[in-house]
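Chemist: What follows is a structure written as structure tokens; I'll ask about it next.
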Amino acid sequence: MAGEPTAESIALLDKLVAALKRRGVMTEEDIQARVASADRASPETGARMVARAWTDPAYRELLLRDGSAAAEAMGVRMAGNPPLGVLEDKPDLHHLVVCTLCSCYPRAVLGYPPHWYKSVAYRARAVREPRAVLAEFGTALPAGVKIRVVDSTADYRWMVLPLRPAGTEGWAEDRLAALVTRDHLVGVSLPALQGATQAA
Amino acid sequence: MSRFAPGARVRVRDAWPERSAPMHLRTPHYLRGREGEVQRVLGTFPNPEAIAFGRPGEPRPLYHVLFEHKPIWNEGQEGDTVMVEIFEHWLEEA
Numbered sequence: 010m011a012g013e014p015t016a017e018s019i020a021l022l023d024k025l026v027a028a029l030k031r032r033g034v035m036t037e038e039d040i041q042a043r044v045a046s047a048d049r050a051s052p053e054t055g056a057r058m059v060a061r062a063w064t065d066p067a068y069r070e071l072l073l074r075d076g077s078a079a080a081e082a083m084g085v086r087m088a089g090n091p092p093l094g095v096l097e098d099k100p101d102l103h104h105l106v107v108c109t110l111c112s113c114y115p116r117a118v119l120g121y122p123p124h125w126y127k128s129v130a131y132r133a134r135a136v137r138e139p140r141a142v143l144a145e146f147g148t149a150l151p152a153g154v155k156i157r158v159v160d161s162t163a164d165y166r167w168m169v170l171p172l173r174p175a176g177t178e179g180w181a182e183d184r185l186a187a188l189v190t191r192d193h194l195v196g197v198s199l200p201a202l203q204g205a206t207q208a209a
Numbered sequence: 046m047s048r049f050a051p052g053a054r055v056r057v058r059d060a061w062p063e064r065s066a067p068m069h070l071r072t073p074h075y076l077r078g079r080e081g082e083v084q085r086v087l088g089t090f091p092n093p094e095a096i097a098f099g100r101p102g103e104p105r106p107l108y109h110v111l112f113e114h115k116p117i118w119n120e121g122q123e124g125d126t127v128m129v130e131i132f133e134h135w136l137e138e139a
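As you go down the protein sequences, you meet chains A and B in turn. Each number in the numbering used here corresponds to the 1-based position in the first sequence with 9 added. Each number in the numbering used here corresponds to the 1-based position in the second sequence with 45 added.
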């Protein structure tokens, strides 16, 4: 999509940054802190939140009630970020997140979005034929599970809390977190034990 | 104060203001004129239709509204749904 920035766009950015500094809107330190926090954000944060929710009922309740507070509780600085909402999968309900208007994504807890999330194809198809999209990700939902597509159109950012896979009883949080990937937090696939086949 | 409570039946206004002037709208076209149910009041946020053009955005209530999937597209599976953030000024009682 992007390619290399042109000399013209770099010059324009330099002028904008200089103007913002001159007017006292931001300092070099602000910019560096923001870059560092954006680079630090990764799906591992969301995965740790999910693993903790699987093992700690009080944290689960907080996560579902106030995702931003739950992220803060894991050491994520949410100031300046849109509020985070968390969508709880149930045995008969699966959530799939898309932003049909642009590419809103819970960057504070998932990092940069993958390219496919921003593609016109995903944005158009996820909301219209979610089951076909899931199939292309290799995801087969158990029979009877309904899909709820969450179109992220405004001021919230959404993350899925998937079901804890069977067979993980007694696992420690770290081990559970290692099962959870970015795709599970968007809802295009489901966490499972390695080697285990998903129920058809 | 928000006008609709969770459980309220609402209809997204069947309006197309983008046809008459440049607009920044957060109401997906596929929901215009569609009926749904308010799930949750998400809070109050500056009107994006104003702030996108550098105008002061007055605070507007934002709702999470649930719609049946099949009637929107005339295809798909019964029971599947789509949940979308819709600003109050786009909703009317159904």
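Glycine residues also receive a C-beta, built at the ideal position from the N, C-alpha and C atoms.
Listing by chain order, which chain A residues have their CB less than 7 Å from the CB of B:Gln122?
Modeler: Simply Arg140.
Chemist: Have a look at the DSSP bridge pairing and note the partners of B:Ile131.
Modeler: DSSP output for B:Ile131 lists B:Tyr108 as bridge partner(s).
Chemist: How about A:Gly176: is its Cβ closer than 7 Å to a heavy atom in the ligand GTP?
Modeler: By its list of ligands, the structure shown contains no ligand whatsoever, and the ligand GTP lies outside what it can speak to.
Chemist: Measure from the alpha carbon of A:Pro100 to the alpha carbon of each residue in A:Ala152, A:Val195, A:Ser18, A:Leu29, then state which is nearest.
Modeler: Taking only the C-alpha atoms, the option nearest A:Pro100 is A:Ala152.
Chemist: What is the residue span of the beta strand (DSSP E) that B:Gln84 lies within?
Modeler: Where B:Gln84 is concerned, the enclosing beta strand (DSSP E) stretches over 80-91.
Chemist: Would you call the CB atoms of B:His79 and B:Pro51 closer than 8 Å?
Modeler: In the sequence on display, residue 79 of chain B carries Arg and not His. Going by C-beta atoms, B:Arg79 is not nearer than 8 Å to B:Pro51.
Chemist: Cβ of A:Lys155 within 8 Å of Cβ of A:Leu102?
Modeler: For A:Lys155 and A:Leu102, yes; Cβs fall inside 8 Å.
Chemist: How would you write the range of the alpha helix (DSSP H) that A:Asp23 sits in, first residue to last?
Modeler: Start and end: 16-31.
Chemist: For B:Met128, would you say it is in contact with chain A, using Cβ-to-Cβ distances shorter than 8 Å as the test?
Modeler: Interface residue, yes.
Chemist: Kindly indicate if chain A contains any beta-carbon less than 8 Å away from that of B:Leu7.
Modeler: This structure does not reach residue 7 of chain B, given that chain B is present from 46 up to 139, and the question cannot be answered.
Chemist: Within the 8 Å Cβ cut-off, does A:Ala62 reach chain B?
Modeler: A:Ala62 does not count as touching chain B.
Chemist: Using only alpha-carbon positions, find the residue among A:Leu188, A:Gly147, A:Ala50 that is nearest to A:Gly84.
Modeler: Checking every option, the nearest Cα to that of A:Gly84 belongs to A:Ala50.
Chemist: Taking the alpha helix (DSSP H) that A:Met83 belongs to, which residues open and close that run?
Modeler: That residue, A:Met83, is in no alpha helix (DSSP H); it is neither H nor E in DSSP.
Chemist: Apart from the five residues on each side of it in sequence, which residues of its chain come closer than 6 Å, Cβ to Cβ, to A:Trp180?
Modeler: None.
Chemist: Cα separation between B:Gly81 and A:Glu182?
Modeler: Those two C-alpha atoms are separated by around 38 Å.
Chemist: Under 8 Å between beta-carbons, which chain A residues line up against B:Phe90? List them in chain order, please.
Modeler: By Cβ distance, chain A contributes Ala163, Asp164.
Chemist: Mind checking the stretch 169-190 of chain A against chain B and listing, in chain order, the residues whose C-beta falls within less than 9 Å of any C-beta there?
Modeler: Those would be none; no residue qualifies.
Chemist: Does B:Arg56 come out as helix, strand or coil in the three-state DSSP assignment?
Modeler: Residue state, collapsed to three classes: strand.
Chemist: Taking only three categories from DSSP, how would you classify A:Gly196?
Modeler: Coil, per DSSP.
Chemist: Give a yes or no on whether the minimum CB-CB distance between B:Phe49 and chain A is below 8 Å.
Modeler: So no, B:Phe49 is outside the interface.
Chemist: Mapping DSSP to helix, strand and coil, what is B:Gly124?
Modeler: B:Gly124: coil per DSSP, three-state reduction.
Chemist: So within the stretch 101-137 of chain A, which uninterrupted alpha helix (DSSP H) runs reach at least 4 residues, ignoring any that extend past its ends?
Modeler: Segments of the alpha helix (DSSP H) lying fully in the stretch 101-137 of chain A: 116-119, 124-127, 129-137.
Chemist: Within a Cβ cutoff of 6 Å, which residues of the same chain sit near A:Asp192, ignoring the five residues on either side of it in sequence?
Modeler: Closer than 6 Å at Cβ, skipping near neighbours: Ser198.
Chemist: Does any residue of chain B have a CB that is nearer than 8 Å to the CB of A:Thr109?
Modeler: Chain B contact via Cβ: present.
Chemist: With distances taken between CB atoms, is the gap from B:Val57 to B:Arg71 smaller than 8 Å?
Modeler: Contact: no.
Chemist: For the beta strand (DSSP E) that A:Asp160 lies in, which residues bound it at each end?
Modeler: Per DSSP, A:Asp160 belongs to the beta strand (DSSP E) from 155-160.
Chemist: By DSSP, does A:Glu13 sit in helix, in strand, or in coil?
Modeler: Correct three-state label for A:Glu13: coil.
Chemist: Would you mind giving the Cβ-Cβ distance between B:Val90 and B:Arg100, rounded to the nearest angstrom? I have them listed as a contact below 8 Å.
Modeler: According to the sequence as given, residue 90 of chain B is Phe; it is not Val. Wrong, their Cβ atoms sit about 15 Å apart, outside the cutoff.
Chemist: Considering only C-alpha positions, which residue in the set A:Ala82, A:Leu143, A:Pro52 is nearest to A:Leu194?
Modeler: Comparing Cα positions, the closest option is A:Pro52.
Chemist: Looking only at C-alpha atoms, which of A:Glu38, A:Thr54, A:His104 sits nearest to B:Leu111?
Modeler: Measuring from the Cα of B:Leu111, the nearest candidate turns out to be A:His104.
Chemist: Apply the 10 Å Cβ neighbour rule to A:Gly55 and answer buried if 16 or more other Cβ atoms are within range, or exposed otherwise.
Modeler: Result: buried.
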